[in-house]
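See below for the structure under consideration.
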Amino acid sequence: NGGVAHVHQRDPERPELGRWCDNQRARVGTLRPDRKARLRKIGFVFDPLEAAWEQSFEELRMVAAGNGGVAHVSQSDPERPALGRWCHWQRALETLGKLRPDRKAPLLKIGFVFDRQEVALDRRREERRLVAKALSR
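For reference, each letter of the sequence shown is one residue, going 558 to 694 in the numbering used here.
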């Protein structure tokens with residue numbers, strides 16, 4: 558969406574609008590309710606970082622749905638390099654004990670694997686299962 562909802566502070570094409578949007582985000586706690594409601598109605602993004610997290614999560618959820626319920630994208634995945642880096646960052650935050658519980662819970666729900674060794678084991682198990690299935694025909 559190229560609308561006001563996603564205009565960034567440093568938007569080179571619309572710098573004035575970008576500054577205005579950033580000002581609205583900074584004032585979210587003091588904005589009049591009617592103005593806040595109008596901004597929400599057009600899809601205004603008050604927290605771009607949260608919106609970016611949600612977008613990556615949704616992309617990962619779609620990957621998991623098409624991958625037998627396993628939500629794993631490698632950091633070196635040529636088809637999804639940004640999502641792979643995002644997944645890596647979620648694992649790093651978990652390792653450091655800094656992944657927020659409200660983010661960890663939905664990741665676990667879609668089958669996100671925090672332990673990369675577990676991912677490798679899952680792949681080998683799936684390969685063996687497919688080989689056994691092929692041999693039993």
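Glycine included, every Cβ here is placed at the ideal spot set by N, Cα and C.
What you are looking at is a predicted structure, and each value in this text was computed from that prediction instead of being measured.
Going by DSSP, what residues sit across from residue i in a beta bridge?
| i | result |
| --- | --- |
| residue 669 | 628 |
When the Cα atoms are used, what is the spatial distance from residue i to residue j?
| i | j | result |
| --- | --- | --- |
| residue 630 | residue 603 | 28 Å |
| residue 664 | residue 687 | 26 Å |
| residue 588 | residue 597 | 12 Å |
| residue 600 | residue 569 | 21 Å |
Could you check if residue i is buried or exposed, using at least 16 other CB atoms within 10 Å of its CB as the buried criterion?
| i | result |
| --- | --- |
| residue 585 | exposed |
| residue 633 | exposed |
| residue 617 | buried |
| residue 737 | Residue 737 lies beyond the stretch modelled for the chain, which goes from 558 to 694, so this question has no answer here. |
Could you have a look at residue i and say whether DSSP puts it in helix, strand or coil?
| i | result |
| --- | --- |
| residue 634 | coil |
| residue 687 | helix |
Can you list the beta strand (DSSP E) stretches of 3 or more residues lying completely in the region 558–615, in chain order? Segments of the beta strand (DSSP E) lying fully in the region 558–615: there are none.
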